[in-house]
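Trainee:
Structure representation (structure tokens):
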């Protein structure tokens, strides 16, 4: 038999040596740090199962697991260098074990397993970890938005459409809108998690094995909710990762809109909010600059994640069913997208939690705007019996006139306003002065609203209360998931220890 | 007041005339056929609610609803031309009604509503319809795959990795792998449907209304499961559509792989399957050609849908919160992606159901391949006590030799095979002849497999039975959804009739 | 022989009938209006060549060309309906001719040609036309930007980085920056045109023909600069179209930035510019709104074009060399991207040309900013012998102090400014009062700049003069291209007429 | 003045400390290794210019340049760790110099420069380097394809459309088709290089400087062909990089098609070519596998590059004119895309140069195909006076019959073929037996072709000769570019030395 000192790849039984440049082009070793621990633990679970199924002896299992534990210790300390002309982390680890234990024993580690199901396992383990972290960060961001929404319940702001002042309301409503988006993001994560958390191991190369592998045991050891049953599906599909990436991209597009709002709101011209120095960036040459760089980067990283999703989908397009090496290239795309998403949620949480809004400025800009025009038109509907279209015309005409003269509603008393409107309408309008006064009073106007979910004090309070309860439920569900994982972790460690100590 | 003959846009109360070219650039009228019916019905539901809430009188409601019914009748017959210098279908319809009923009555139709919540409603209604259709087609494709899998249970095929023959198994396993993907696609559709099927109407421009709109009534009339509560969220978010597009894109990447397989399998060189003439395309000049054009187009349309998703996400990146006109451009991207997905599922269903596989050719190619090498290596593990790595080396060496001499396993008798392996191993291997014979017999080899979900007769049978039950459940759930919609439809029609007949 | 009344596709000599649904999935007929004229003219050029080469007789050529002329006349009037169960415009036209002239004569039209080279021809002709139009619109936009830059030479503005006021300069400099981008866009178009404008016809199916086709004659007749020589390349490659799309996408990303600037500048908060009513859009319910919808749409269409480019590249990924039906799906992606680009350039030209900037507001916002900080720091370098880093610290400290007290530079006299700086520096700084005064005077500050291409009166004037000359050259080059096309057009028409009149 | 031991960022004169997490989110330090040398050399050129312009003294310049040289030496050896809480490589380097020389001297290095123009410079320098390398690799690939085309001039192959055998020709023609694509790729690179190779330095923050910077001197020192004149354009635009990425993506889509062809051709079923072991990859468990992994990875990397281009364009969409921090995120996208392109060209060059085609198998598969059907139809046109459509029908009918009986043309003698055709036609066809014989002889058939650029011996020879001359010209142009760069390099080094030695 070939000795351990054989320098050729352990897999090239049929093939001659590989070209150096081809190996460089092939190898994912540099990127495999990301799944080093997952690969080691997946391998350990596999060996534990092989042992329990008597496919390898307890003695061999013990020897192999000891070596894997050694490697894991080094890996945890960051001392395991992935180097030495291997195609990937899988070949690296198996080679390390064989180096120590020889082909006879070390060569048993990979029994009944192929890199095809192994890498699918690693990707699922790693994606699961990222999903858990994103889930957790999203829950925190939700809490931050909710707390801020509670805090800013009386902060008047003009709500914008087309970046033009539209209707006057409360900053809370804005924050709650984004909270609701995050809530849906979390729902999507939850659903995706169910599809990610299934074990492909045991599918072997593509068709399963003639050895009595216990697929469900491996799944249990690694905290999976079950197996991906069909062996071809297990090695060939990546829809779970594409789903995770889509969710990340959708989430990021929304965060990028918060970033955009805050970038605009912190211009000198808007002057609605000032970032704390600790979250702002200077210029290397302009001494006065205070730049919202983290927000710009979040916007840009949204673009990157869109590109990574595009790349991942494009990569899958039209490749034959089965494991193709194309899939290797998909791995770093997933990590990068999920990693950037995780830290982007975190940074936006911190940013939102530290924002100090300039309430007076916000109120002043709302007050001098025309953004009460709709409520005025609705008053004409309610009190004057006009149709929306008629009242739209009357108020529109008034705005036109005021704009030409450089004035706004607030430059009129309620009596003058009444008179102006009646002049345009050519008739009496019968709107109570008290109503006009409330419309002219930027702080009381939103209280006129009566519709479900509107930017009004009552509706905002109701929204806040409901979301408090909801986030509590969400938190408990999340804890349960984490608990499941840590339970299975214990089972894994006991199983491992039981072999090692015997 | 301005008369009906006023040719200016009904919305331009404050603004002067629009530039012709700007209107062309702005207008979505040409694309709004897609939501013509949705817009009409959404408007009717809105008017019914305005009436029930006494915001407009029963008389006015009746007049308006009659006009809308007229327009709907024409629209259903395809006789309603969207033309005449309007920004969109919303302006078109309101203008048509005002033309008939005047500003006093017709001008009430849009009370308490803005195009911002209206278009969000239309998009949700239309997306819902597409989702339902895709869901239905996906269920049918699942049935087709299952039926075919049942049919091809004894069809031997080499399963491929890297487009190289990997392991010998059954065509059924291939079909079941794709079935499982579709099953997950359906799960995603189901989850997305819950997020799509909520009514945004009543959010008004962005902050809600001072009129007593009953948002939940509108939701009920239109078959929604509830409302999108927060008014800003309702007009600003499109995550539900991005989710639908992502699901479509993920689904299509998988279908494109089936297409790729079939394109390759129907080459003269593979010759595994022949498309029926009815699904093939000729050359305009080469008399002999029979081209798999529908499969190539499905592959290409996958690319298109990836691009449409990219465009949709890119469009959302970094735009301010609130309704922005950018969102208008998103509409046709959604329709096109969902429409193409729907018909692609349909065509692949038809194709798969009509495929005639060339069983003898498939078996012959499997038989003359080296794809039993893994089972041979596993026999060395089981019977000779070798490690995987040792047996891999031995079998690899043998393949190398055979390949050089242009022969394969099947050119050896089980005795010769035994001898060759022992020669390489340098020792006796003790593999029972019966086992070697089974490995050499392409029809019996897969029966050696024992792992869950493998390409073996037992496991395939089990998979088929489970999926039969599952698809039945899926079918019932789907029926319930359809039933809910048709129930709410009745409620809508009764409510409408009750106003019209009074 | 089969009679003309045979309803089967003229191409399905070997194949049985096509399935209706498959035909719907296959057919590009609906999208082929875009190339109807190109296909007719390409076919005419082909027939003229066949005739000149004696491959078909003059009599037959005459009959065929007459029919094609008839179809062309109808097509020009928009009266040619593409309908009737054909795969594409090619089959449609040939079938129409055969319907009239029978298989014996009409059946000669397609001699020596395949749809593979024919569609490549059509795409090139159509892309060429779009490129010419985009080129022309880009030249016009360049002129508009140049004229506006000349007009706004004394309009003070704060130039922005990170959307924060950075340095004070002139609006002209901003406009010239975008002009220079357009100039590079035009250079790219010019280079791409050379690659587009080559004829693939005569490549036949993929390997050329045994008939004596004169490929260069067809090229000459259709205004091409030559042929795509290699027959496989001619039918298989689409890099020319991908290049055109890339150019469009790059151009649009830049236009989207102008749009973004103008959207922000026309908010009430910035108030730098007001769109004319004719280019603004109202709200259906808020009577006061004036929305920059065309600019938002341009931004969104940029996203669409990015998606179309993505789709086009994705479509080409990994398909076999040769003509694949995938390429069919690429056609509408090209048209849509180029069409949207063309009209976006046009609308931005109109918008820029009609903008009225609020000079006083622009100047006021610049004056009350800290955007002269860099020039102040440079004065410390020049007159006080400090390093940049020292002067950055001093001015930075001052800004910090002023910001905290809610004041700015302009609230200080030059003497006070001097004193403040010296207090921070802890030493005398020797900056001439006249220099400090110039820095404090927002209208004179930019005159201090001396570097090439800076935002200063002299450099702006120089830039304007150079670009005037450059655009003149560009205009002449463009005219030459157009002239070449019209010359070849004449040659085509004479050749056609000479056959028709004989 | 603040002392060197001040740990705060040298740029935060106005701002307080930055948050640790914000800095992590902001910092590009990890990615800036890519431009470390470029940044150092750009900085040196800047300092040389400051010195020549007497903006800083020769003494100071000397001290600073010495430090920069030290850093450069370390950087070249890979010993310069980019670490320590800096925003980027710019802050890192300036801080290192200030650490050594103090604020008074070291603080002068950045005079008249901002990170905005500096990073634009670095990106252009780095992109230029990548472009040069890609250009060189593309030239080599062109040579490889040409050499292979010359070698395979008599290798018969069936050319494919729709992955179905279409026309019989030569492998050379296939290789020449790809050569022509590469030639156009090179043309695009050449044009792009002109736009990349311009210096933005001296644009300062965005508006230029009041210090007498000599922008053209810096450009000359660094080998640029001139400056990007307008200061806003210089810091704000990235079209040059988007253009480079587009070119890379277009190039890769084509290479991915070669990869796809070779993957398919090296299946057991096609068996046209076998990869050398040195370029193939094994399975970890299936001893017999020989997988074309490098080709699959090239296909996948095409997807990645498409995604990177998408990300880059998306990133630019709708951000304000001027430098935005978004641009930072664009850098690694560029490097990754260009790096992957470079090595993909290299690996495909090596692969193509080492391919051994199985000529007999290729010929056999062509011979037993129906791919001479078109030439047969053309014979009917030439000798029997039939129209294409008639002859298409006749030959199509024959193929149908033969296919049903499982035979092909070659199973017929020329006499039998003649008879079969006449039977279908119902008349005598008068095709010379010698012609039919040539059509039936796969090795002589392609000689019948007469059209320009066809797959025939004469045309292939002509193509090869022309491309030999063309590639020679291309090589000389490239050498000139390289020469220019090395000349300017000398000028740079002399200028540097002259200051250092004084």
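Chains as they are written, first to last, in the working numbering: chain A, 1 to 502; chain B, 1 to 502; chain C, 1 to 502; chain D, 1 to 502.
In this text, a Cβ means the ideal position worked out from N, Cα and C, and glycines have one as well.
Is there a Cβ from chain C that is less than 9 Å from the Cβ of residue 271 of chain A?
Mentor: Counted from its first residue, the first chain places residue 271 of chain A at position 271. Residue 271 of chain A counts as touching chain C.
Trainee: Taking any Cβ of chain D, which residues in the segment 312 to 331 of chain B have a Cβ under 9 Å from it, in chain order?
Mentor: Listed by position, the residues of the segment 312 to 331 of chain B near chain D (Cβ gap below 9 Å) are 313, 314, 315, 317, 318, 319 and 326.
Trainee: Can you say whether residue 16 of chain D is buried or exposed, counting buried as having 16 or more other CB atoms within 10 angstroms of its CB?
Mentor: Position 16 of the fourth chain holds residue 16 of chain D. Exposed, since its Cβ has fewer than 16 Cβ neighbours within 10 Å.
Trainee: If the criterion is Cβ atoms closer than 9 Å, does the pair residue 356 of chain A and residue 273 of chain A meet it?
Mentor: For the purposes of this step, residue 356 of chain A is identified with residue 356 of the first chain, where counting begins at 1. For the purposes of this step, residue 273 of chain A is identified with residue 273 of the first chain, where counting begins at 1. For residue 356 of chain A and residue 273 of chain A, yes; Cβs fall inside 9 Å.
Trainee: Which parts of the segment 139 to 213 of chain B are runs of the beta strand (DSSP E), unbroken and 3 residues or longer, counting only runs that do not cross its ends?
Mentor: 156 to 161 and 164 to 170, all fully within the segment 139 to 213 of chain B.
Trainee: Identify whether residue 274 of chain B lies in helix, strand or coil by the three-state DSSP scheme.
Mentor: Position 274 of the second chain holds residue 274 of chain B. It is a strand residue.
Trainee: Would you say residue 442 of chain A reaches chain B, if we count a Cβ-Cβ gap shorter than 9 Å as a contact?
Mentor: Locating residue 442 of chain A in the first chain gives position 442, where the first residue counts as 1. Taking Cβ atoms only, chain B never reaches closer than 9 Å to residue 442 of chain A, which makes this a no.
Trainee: With a Cβ-Cβ cutoff of 9 Å, do residue 60 of chain B and residue 108 of chain B count as a contact?
Mentor: For the purposes of this step, residue 60 of chain B is identified with residue 60 of the second chain, where counting begins at 1. For the purposes of this step, residue 108 of chain B is identified with residue 108 of the second chain, where counting begins at 1. Closer than 9 Å, so yes.
Trainee: According to DSSP, simplified to helix, strand and coil, what is residue 291 of chain D?
Mentor: Position 291 of the fourth chain, counted from the start, is the residue given in the question as residue 291 of chain D. The answer is strand: DSSP assigns residue 291 of chain D an E or B state.
Trainee: Can the beta-carbon of residue 65 of chain D be found closer than 9 Å to that of residue 76 of chain D?
Mentor: The count along the fourth chain starts at 1 and reaches residue 65 of chain D at position 65. The count along the fourth chain starts at 1 and reaches residue 76 of chain D at position 76. Their beta carbons are not under 9 Å apart, which means residue 65 of chain D does not touch residue 76 of chain D by this criterion.
Trainee: State yes or no: is the C-beta of residue 425 of chain C within less than 9 Å of the C-beta of residue 390 of chain C?
Mentor: Along the third chain, one-based indexing puts residue 425 of chain C at 425. Along the third chain, one-based indexing puts residue 390 of chain C at 390. Yes, Cβ-Cβ distance for residue 425 of chain C and residue 390 of chain C is below 9 Å.
Trainee: With burial defined as no fewer than 16 other Cβ atoms inside 10 Å of the residue's Cβ, what is the status of residue 54 of chain B: buried or exposed?
Mentor: Locating residue 54 of chain B in the second chain gives position 54, where the first residue counts as 1. Per the 10 Å Cβ criterion, exposed.
Trainee: Can you check which of these residues, D:298, D:287 and D:331, is closest to residue 300 of chain A by C-alpha distance?
Mentor: Position 300 of the first chain holds residue 300 of chain A. It is D:331 whose Cα lies nearest to the Cα of residue 300 of chain A.
Trainee: I'd like the span of the alpha helix (DSSP H) that includes residue 451 of chain A, first residue to last.
Mentor: For the purposes of this step, residue 451 of chain A is taken as residue 451 along the first chain, with counting starting at 1. First-last for residue 451 of chain A: undefined, no H or E at that position.
Trainee: Taking all protein chains shown into account, decide if residue 385 of chain B is buried (16 or more other Cβ within 10 angstroms of its Cβ) or exposed.
Mentor: For the purposes of this step, residue 385 of chain B is taken as residue 385 along the second chain, with counting starting at 1. Flag for residue 385 of chain B reads exposed.
Trainee: Using beta-carbon positions only, say whether residue 182 of chain D and residue 141 of chain D come within less than 9 Å of one another.
Mentor: Start at 1 with the first residue of the fourth chain, and residue 182 of chain D comes out as number 182. Start at 1 with the first residue of the fourth chain, and residue 141 of chain D comes out as number 141. Result yes, Cβ atoms of residue 182 of chain D and residue 141 of chain D sit closer than 9 Å.
Trainee: Could you tell me which of A:280, A:367, A:317 and A:137 sits nearest to residue 297 of chain B, measuring between CA atoms?
Mentor: As a first step, residue 297 of chain B is located in the second chain; it is residue number 297 there, counting from the start. It is A:317.
Trainee: Can you tell me where the alpha helix (DSSP H) holding residue 464 of chain C begins and where it ends?
Mentor: To locate residue 464 of chain C, count along the third chain from 1; it is residue 464. It spans 457 to 501 - the alpha helix (DSSP H) in which residue 464 of chain C sits, taken as one unbroken run.
Trainee: Going by DSSP, which residues form a beta bridge with residue 227 of chain D?
Mentor: For the purposes of this step, residue 227 of chain D is taken as residue 227 along the fourth chain, with counting starting at 1. The partner list for residue 227 of chain D (beta bridge, DSSP) reads D:199.
Trainee: From this set, A:146, A:68, A:441 and A:288, which residue's C-alpha is nearest residue 404 of chain C's C-alpha?
Mentor: Stepping through the third chain from its first residue, residue 404 of chain C is reached at position 404. For residue 404 of chain C, the nearest C-alpha among the options comes from A:288.
Trainee: Would a C-beta distance cut-off of 9 Å place residue 176 of chain B and residue 147 of chain B closer than the cut-off?
Mentor: Along the second chain, read from residue 1 onward, the residue named residue 176 of chain B stands at position 176. Along the second chain, read from residue 1 onward, the residue named residue 147 of chain B stands at position 147. Their beta carbons are not under 9 Å apart, which means residue 176 of chain B does not touch residue 147 of chain B by this criterion.
Trainee: What separation, rounded to the nearest whole angstrom, lies between the Cα atoms of residue 255 of chain D and residue 345 of chain D?
Mentor: Residue numbering aside, residue 255 of chain D sits at position 255 when the fourth chain is read from its first letter. Residue numbering aside, residue 345 of chain D sits at position 345 when the fourth chain is read from its first letter. Each residue's Cα considered, the two are about 8 Å apart.
Trainee: Taking C-beta to C-beta, are residue 161 of chain D and residue 197 of chain B nearer than 9 Å?
Mentor: For the purposes of this step, residue 161 of chain D is taken as residue 161 along the fourth chain, with counting starting at 1. For the purposes of this step, residue 197 of chain B is taken as residue 197 along the second chain, with counting starting at 1. Not in contact: residue 161 of chain D and residue 197 of chain B (Cβ atoms no closer than 9 Å).
Trainee: Shorter than 9 Å from the beta carbon of residue 282 of chain A to some beta carbon of chain C?
Mentor: Within the first chain, the letter at position 282 stands for residue 282 of chain A. Judged by the 9 Å Cβ criterion, residue 282 of chain A is in contact with chain C.
Trainee: For a cutoff of 9 Å on Cβ pairs, would you count residue 162 of chain A as touching chain D?
Mentor: Within the first chain, numbered from 1, the residue matching residue 162 of chain A stands at position 162. Not one chain D Cβ lies under 9 Å of residue 162 of chain A.
Trainee: Please confirm if residue 13 of chain A has its CB atom under 9 Å from at least one CB of chain C.
Mentor: The count along the first chain starts at 1 and reaches residue 13 of chain A at position 13. No, residue 13 of chain A does not count as interfacial toward chain C.
Trainee: Under three-state DSSP, which class holds residue 281 of chain B?
Mentor: The sequence position of residue 281 of chain B within the second chain is 281, counting from 1. Three-state result, residue 281 of chain B: strand.
Trainee: Just to confirm, are residue 226 of chain B and residue 202 of chain A a CB contact at a threshold of 9 Å?
Mentor: Numbered from 1 along the second chain, position 226 holds the residue referred to as residue 226 of chain B. Numbered from 1 along the first chain, position 202 holds the residue referred to as residue 202 of chain A. Their beta carbons are not under 9 Å apart, which means residue 226 of chain B does not touch residue 202 of chain A by this criterion.
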